[in-house]
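The next block holds one structure in the form of structure tokens; read it before the comments.
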Amino acid sequence: MKKILLFIFSTFIALSIAIYSKRSSEVFASKSNPTWKTFVKNSNLEVSGHKTTQKELEAARVPTPKRAIAEENNQFANDERISFEQQAKIIKDNHFLIREERVLIGDIQKRNYQDEDVPLEMLNKINPNWKDILGHELLRFQDDDTKVMIKEEFSIIQIQNGKGRYVEQVIVTYVLKDGAINSYRALVDSETGSVTDTWDKTISENYKRERANLSLPSENNSGIITR
Amino acid sequence: MKKEVKTSLFNLTLIALASLVLSACVPSIGNNARSRAASAITGSANVGLYQGRVLADNPIILSKNANLSDSYDLNKLLSTVPITTNSFLKGNASCQGLDYCFEVRATKVDPSPLQTATGKWSYNANSSEFLQVNTFYHLNMVSDLFFTNLSHSFSRAYLGNSATTLYDTSLPKSIQTDTNVFKLITQPLIIYGDCNEPDAANFNNTTQSICLGYVSSNPTVKWAQDNTAIYHETGHFFQKLQLNLRNPLIGPRVNMGTLFYDEAGSIGEGLSDYYSYFVNGRTHFAEWAAGRFSNASRPMSERDPAHVAGISTDPDQRLSYPQFLDYNPYEPSFPTEDVHYSGMIISHYLVALTEDLEDKCVMSRRDASDLVIHLVSETLAEYGDLSSTGTQSVSSSLILRDKINLNSSHSSDWYKIVNPITYRSFMQTFAKNLMNNLSNTIARPALNRCNNGIYTRDQIESLIDQYGLLLFRTYNENRNLSTSAGTRDNTPVNAINRKKSVLISKNLLILDPTTSASSAFVIDTRSEIKKAITSGNLTLSAQTPSDLSFNNDNGRMSPGEVVAVALNLYNNSNTPMGGVQILANDWNHASLDPVTGYLKPCQFPTSMSNDQWPLISEGGVPCTKTAATASTDFAPVCFIQSNETTSTKWVSQKEFQNKMALDSSFCLDPTKPNECFIRAIKGADQAIYSRINSKSTWGKTLANPDTGKAPILSGANVILFEVSKHVPPGTLVDCRLRVRFTNCEDCYHDANPLLRSDHVTNPITRTDYDYTDTDYNGPRPFKIIHLQIPIID
Numbered sequence: 000m001k002k003i004l005l006f007i008f009s010t011f012i013a014l015s016i017a018i019y020s021k022r023s024s025e026v027f028a029s030k031s032n033p034t035w036k037t038f039v040k041n042s043n044l045e046v047s048g049h050k051t052t053q054k055e056l057e058a059a060r061v062p063t064p065k066r067a068i069a070e071e072n073n074q075f076a077n078d079e080r081i082s083f084e085q086q087a088k089i090i091k092d093n094h095f096l097i098r099e100e101r102v103l104i105g106d107i108q109k110r111n112y113q114d115e116d117v118p119l120e121m122l123n124k125i126n127p128n129w130k131d132i133l134g135h136e137l138l139r140f141q142d143d144d145t146k147v148m149i150k151e152e153f154s155i156i157q158i159q160n161g162k163g164r165y166v167e168q169v170i171v172t173y174v175l176k177d178g179a180i181n182s183y184r185a186l187v188d189s190e191t192g193s194v195t196d197t198w199d200k201t202i203s204e205n206y207k208r209e210r211a212n213l214s215l216p217s218e219n220n221s222g223i224i225t226r
Numbered sequence: 000m001k002k003e004v005k006t007s008l009f010n011l012t013l014i015a016l017a018s019l020v021l022s023a024c025v026p027s028i029g030n031n032a033r034s035r036a037a038s039a040i041t042g043s044a045n046v047g048l049y050q051g052r053v054l055a056d057n058p059i060i061l062s063k064n065a066n067l068s069d070s071y072d073l074n075k076l077l078s079t080v081p082i083t084t085n086s087f088l089k090g091n092a093s094c095q096g097l098d099y100c101f102e103v104r105a106t107k108v109d110p111s112p113l114q115t116a117t118g119k120w121s122y123n124a125n126s127s128e129f130l131q132v133n134t135f136y137h138l139n140m141v142s143d144l145f146f147t148n149l150s151h152s153f154s155r156a157y158l159g160n161s162a163t164t165l166y167d168t169s170l171p172k173s174i175q176t177d178t179n180v181f182k183l184i185t186q187p188l189i190i191y192g193d194c195n196e197p198d199a200a201n202f203n204n205t206t207q208s209i210c211l212g213y214v215s216s217n218p219t220v221k222w223a224q225d226n227t228a229i230y231h232e233t234g235h236f237f238q239k240l241q242l243n244l245r246n247p248l249i250g251p252r253v254n255m256g257t258l259f260y261d262e263a264g265s266i267g268e269g270l271s272d273y274y275s276y277f278v279n280g281r282t283h284f285a286e287w288a289a290g291r292f293s294n295a296s297r298p299m300s301e302r303d304p305a306h307v308a309g310i311s312t313d314p315d316q317r318l319s320y321p322q323f324l325d326y327n328p329y330e331p332s333f334p335t336e337d338v339h340y341s342g343m344i345i346s347h348y349l350v351a352l353t354e355d356l357e358d359k360c361v362m363s364r365r366d367a368s369d370l371v372i373h374l375v376s377e378t379l380a381e382y383g384d385l386s387s388t389g390t391q392s393v394s395s396s397l398i399l400r401d402k403i404n405l406n407s408s409h410s411s412d413w414y415k416i417v418n419p420i421t422y423r424s425f426m427q428t429f430a431k432n433l434m435n436n437l438s439n440t441i442a443r444p445a446l447n448r449c450n451n452g453i454y455t456r457d458q459i460e461s462l463i464d465q466y467g468l469l470l471f472r473t474y475n476e477n478r479n480l481s482t483s484a485g486t487r488d489n490t491p492v493n494a495i496n497r498k499k500s501v502l503i504s505k506n507l508l509i510l511d512p513t514t515s516a517s518s519a520f521v522i523d524t525r526s527e528i529k530k531a532i533t534s535g536n537l538t539l540s541a542q543t544p545s546d547l548s549f550n551n552d553n554g555r556m557s558p559g560e561v562v563a564v565a566l567n568l569y570n571n572s573n574t575p576m577g578g579v580q581i582l583a584n585d586w587n588h589a590s591l592d593p594v595t596g597y598l599k600p601c602q603f604p605t606s607m608s609n610d611q612w613p614l615i616s617e618g619g620v621p622c623t624k625t626a627a628t629a630s631t632d633f634a635p636v637c638f639i640q641s642n643e644t645t646s647t648k649w650v651s652q653k654e655f656q657n658k659m660a661l662d663s664s665f666c667l668d669p670t671k672p673n674e675c676f677i678r679a680i681k682g683a684d685q686a687i688y689s690r691i692n693s694k695s696t697w698g699k700t701l702a703n704p705d706t707g708k709a710p711i712l713s714g715a716n717v718i719l720f721e722v723s724k725h726v727p728p729g730t731l732v733d734c735r736l737r738v739r740f741t742n743c744e745d746c747y748h749d750a751n752p753l754l755r756s757d758h759v760t761n762p763i764t765r766t767d768y769d770y771t772d773t774d775y776n777g778p779r780p781f782k783i784i785h786l787q788i789p790i791i792d
């Protein structure tokens, strides 16, 4: 009886480990990528959000190097998945100016904004829901079943004309229904979730690459007067 | 016995379970590259340790057969070469201090680079592993050349490792922590050598990865089999580094090109082609991957037989600007507006320059092409500087800010729209760097790299002119600095050298004067506008419905719509125009009324602009100078006609909103009342036409020569406007747009600053100087075109 109980217990432990190991990649993804979030457009009225899974990272072709190799090299090898520690290292190694635990960029030469006693008028506030607002906005004109994955890279104060704005630097990756991928970097207003600047779009050699075609109307009745 | 059997069974079960437990802890290797390697390894006994077999060049070149079949056994063409002593296909010490700057994997879902268990890298040419090794070998080669070049550039600029520089270099000392060590990248470049995507060869700036796929019509033909494609795509990565040498790792950065078509993107493609020449000295790109089955390979010299008759290295028969902007050697009679084709002008120029340096300066091809890449680094780093400093100064006391891209508050807009990289601006800065390195022997003899005396300014200018690119009057050493403090004289271009380069007055760019011709079109088809919004990654007002339900496809502008506007511009000169740009971004054409707090539309004096709209009686106020500092110096392009009791006036949208007593929450953006009712959408607020032939329109220039059918517009050819659903039908809007083109006589330099009422210290010495970045915020460098748009319900 004792051996039978031991047998059942061992079987339970073994099966538990086996099941856990099969799920571990997804669990790892969510633990090691706390900053990726996926939004899915279910319909014009419904956008849902969840933590990005390993499968979604793979579908978006986000590189996921073997950890051992990444760790073997003292570089940011894994770098769609820059951790907070790695962010801190970039900030420290490159001597960025910091205010309110955010990197200062823009017109930062004129005053020592790092000194928080130096007054800096802020044009916006930080809204903790900025990423959700952004996710909904990015999907507004997309077809149903389009996904957008957002990852914040850095929190920033951008100074323009002597005034500050809280912004977030993010990576935006679309996965369209047909599997096509489109990604870029953006600065996002930390209050409104609106995109203020974009860069790092993909450069394609394919001369037949996708483009927005616009047909001229056969008859012009716009009523526009030009001069 | 029974008990023994039971015990044995029990023990066996435990062992089995233990095995299950242990195996569950070990990652599956079913898809591991190593597990696939055994079947693919071929002839590994024939290669030494750390060696592998690769295609030393692409199969067309190696086989000397331009018609090579896609079923040809590529194993017959392989060479044995050293690959890497690493056990994974990842970079070694070739990146000048970045000991892990690239790696090669098979596909985008592979978790790691290929690994060797034997230390050998020999695989069957038809295997995925071979593609990875071949990619690695060529990636390593071009990276080694590039980073060595960059290291030498720093040594030249700083005389070894000095703290100061001999000339105004754009290479910042700050990114060099010590000799030969750069702080350039925070993530490795990853190339997917077998990325399993049809017709794909692309550089993903975000993941910093390159995908080398296959040719869809002939799936056995892979982009990774063509070394020149590897060099080209890696060239895009190098350009990203070069452009951002002066930009921090956090915050906005810049890329070559922002639209589907623009000249920065074209130059980027041409530079990438040149990187192929940089490595192998051959003047043709991608004969196998792009040329053999897709007719999309590209020559880089006029001597190439792919060119049509009439193109040669004769000074009068070069691939010159702007005539050959839309030239496709495979279909020369069908003009194609595409960055890859228009980029051929710069690749041909750079190859011609390399050959000229070999000849006149007695340099090897390696030394000459090294110098060219150095000059490209200098040029791109200066232009991409979002801190607006541009270059180091010989004297630290003379470091000037706001020298390029206006200032650090607005530099991103200046780089993308207001003063972007064009064929003119690129060549002007490139020529300045050429002069610094080859011609300036009196002031800086240590910099002269010409082995046979000097490469004269006349030689510099003559070759540039052969390509129709001598479009500037000075070398613009001052850049576009808005103040005169600390400036020095700009070196003039010798006008006698301008033989092929033709400059045209901006006033010859007009609206189509043909009887009954339309001067502007409105496109409001829902599906097409939606595509333009999503492909342009545009952000719209919250009040615009996601199904664009107000868009009614009637070719008119109505409340609630998002529409594309295409201008029907006409070149009224006798020479083709290139790089025609229409700007609808905010600019300094309104003045703040201190009493009412409203922006009033400027009426400019004739010394500033040919545009005298609106009259004072129509609401205009006199504006005599251009500014670019306060937020009110940047006004949206559109004003609205207001029916007053005794007259009609043009008023700002904020004033119109108040007259309507409309709550600001109903504006397109409640925080921006001056674009309450209509606005050009940021990101789609400029349009580009690559070329307009003499006495023609863009539509006719690019029309199908057989059918006469006009080309389909791309997102780059139109401006998108967003109209509020709260704008009253019948409202008349005036949008004051600015236009210019690259080979323009009076869009970039000031021929007679004495005529200016708002300028400047020492106007005589500033003759033919480039306009300042502040000037570019006003009307002076542009032709003004008005769109008066009725909003029709």
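Just so you know, the protein sequences line up as chains A and B, in that order. Mapping of the first sequence onto numbering that gives the first Met the number 0: position 3 corresponds to residue 2, and the numbering continues sequentially without gaps. Mapping of the second sequence onto numbering that gives the first Met the number 0: position 230 corresponds to residue 229, and the numbering continues sequentially without gaps. Cβ coordinates follow ideal geometry from the N, Cα and C atoms, glycine included.
{"query": "Short CB-CB distance (under 9 angstroms) between Pro-127/A and chain B", "result": "no"}
{"query": "Beta-carbon contacts of Asp-774/B that lie in its chain and below 7 angstroms, excluding the five residues immediately before and after", "result": "Thr-625 and Pro-780"}
{"query": "C-beta contact flag for Glu-102/B and Pro-187/B at 9 angstroms", "result": "yes"}
{"query": "Span separating the alpha-carbon of Gly-163/A from that of Asp-188/A", "result": "11 angstroms"}
{"query": "Cα-Cα separation, Ala-223/B to Tyr-191/B", "result": "9 angstroms"}
{"query": "is_contact[Gln-113/A, chain B] using C-beta, thresh 9 angstroms", "result": "no"}
{"query": "Minimum Cβ-Cβ distance from Tyr-165/A to chain B less than 9 angstroms", "result": "no"}
{"query": "Alpha-carbon to alpha-carbon, Val-53/B and Gln-157/A", "result": "49 angstroms"}
{"query": "With 16 other Cβ atoms within 10 Å as the buried cut-off, status of Asn-201/B", "result": "buried"}
{"query": "Beta strand (DSSP E) runs contained entirely in the stretch 697–746 of chain B, provided each spans 3 or more residues", "result": "718–722 and 731–739"}
{"query": "Interface flag, Asp-106/A vs chain B, CB-CB below 9 angstroms", "result": "yes"}
{"query": "Whole-number beta carbon distance between Phe-720/B and Ile-677/B, since they are thought to touch under 8 angstroms", "result": "6 angstroms"}
{"query": "Contact between the stretch 495–503 of chain B and the stretch 521–533 of chain B (3+ Cβ pairs under 8 angstroms)", "result": "no"}
{"query": "Per-residue burial, Val-46/B [other beta carbons within 10 Å of its own, 16 or more giving buried]", "result": "buried"}
{"query": "Contact set between the stretch 336–365 of chain B and chain A, restricted to residues whose Cβ is under 7 angstroms from the partner", "result": "Asp-337 and His-339"}
{"query": "Min CB distance Lys-176/A to chain B below 9 angstroms", "result": "no"}
{"query": "Closest residue to Ser-154/B among Arg-423/B, Phe-181/B, Leu-138/B and Asn-139/B (Cα-Cα distance)", "result": "Phe-181/B"}
{"query": "Beta carbon proximity, Arg-60/A to chain B, threshold 9 angstroms", "result": "yes"}
{"query": "Per-residue burial, Phe-259/B [other beta carbons within 10 Å of its own, 16 or more giving buried]", "result": "buried"}
{"query": "Chain A contact for Ser-311/B (CB, 9 angstroms cutoff)", "result": "no"}
{"query": "Cβ pair Lys-658/B, Cys-675/B closer than 9 angstroms", "result": "no"}
{"query": "According to DSSP, residues forming a beta bridge with Ala-285/B", "result": "In the DSSP output, where bridge partners are listed per residue, Ala-285/B has none listed."}
{"query": "CA nearest to the CA of Ser-296/B, picked from Ser-311/B, Leu-318/B and Asp-272/B", "result": "Asp-272/B"}
{"query": "8 angstroms contact criterion, which Met-299/B and Ser-346/B should meet: CB distance rounded", "result": "4 angstroms"}
{"query": "Where the beta strand (DSSP E) containing Asn-570/B begins and where it ends", "result": "568–570"}
{"query": "Residue interval of the beta strand (DSSP E) (run including Asp-196/A)", "result": "194–198"}
{"query": "Residue range of the unbroken beta strand (DSSP E) whose run includes Ala-589/B", "result": "589–591"}
{"query": "Segments of 4+ residues assigned as alpha helix (DSSP H) that fall wholly inside the stretch 395–472 of chain B", "result": "422–437 and 456–465"}
{"query": "Residue closest to Ser-408/B, alpha-carbon to alpha-carbon, out of Pro-704/B, Ala-627/B and Leu-130/B", "result": "Ala-627/B"}
{"query": "Those residues which DSSP pairs with Phe-638/B across a bridge", "result": "Asp-733/B"}
{"query": "Per-residue DSSP class, three states only, for Glu-527/B", "result": "helix"}
{"query": "Phe-8/A classed as buried or exposed, judged by whether at least 16 other C-beta atoms fall within 10 angstroms", "result": "exposed"}
{"query": "Residue environment, Ala-87/A, which counts as buried when at least 16 other CB atoms sit within 10 Å", "result": "exposed"}
{"query": "Per-residue burial, Val-350/B [other beta carbons within 10 Å of its own, 16 or more giving buried]", "result": "buried"}
{"query": "Own chain partners of Ala-367/B with C-beta closer than 7 angstroms, once the 5 adjacent residues on each side are dropped", "result": "Thr-353, Leu-356 and Glu-357"}
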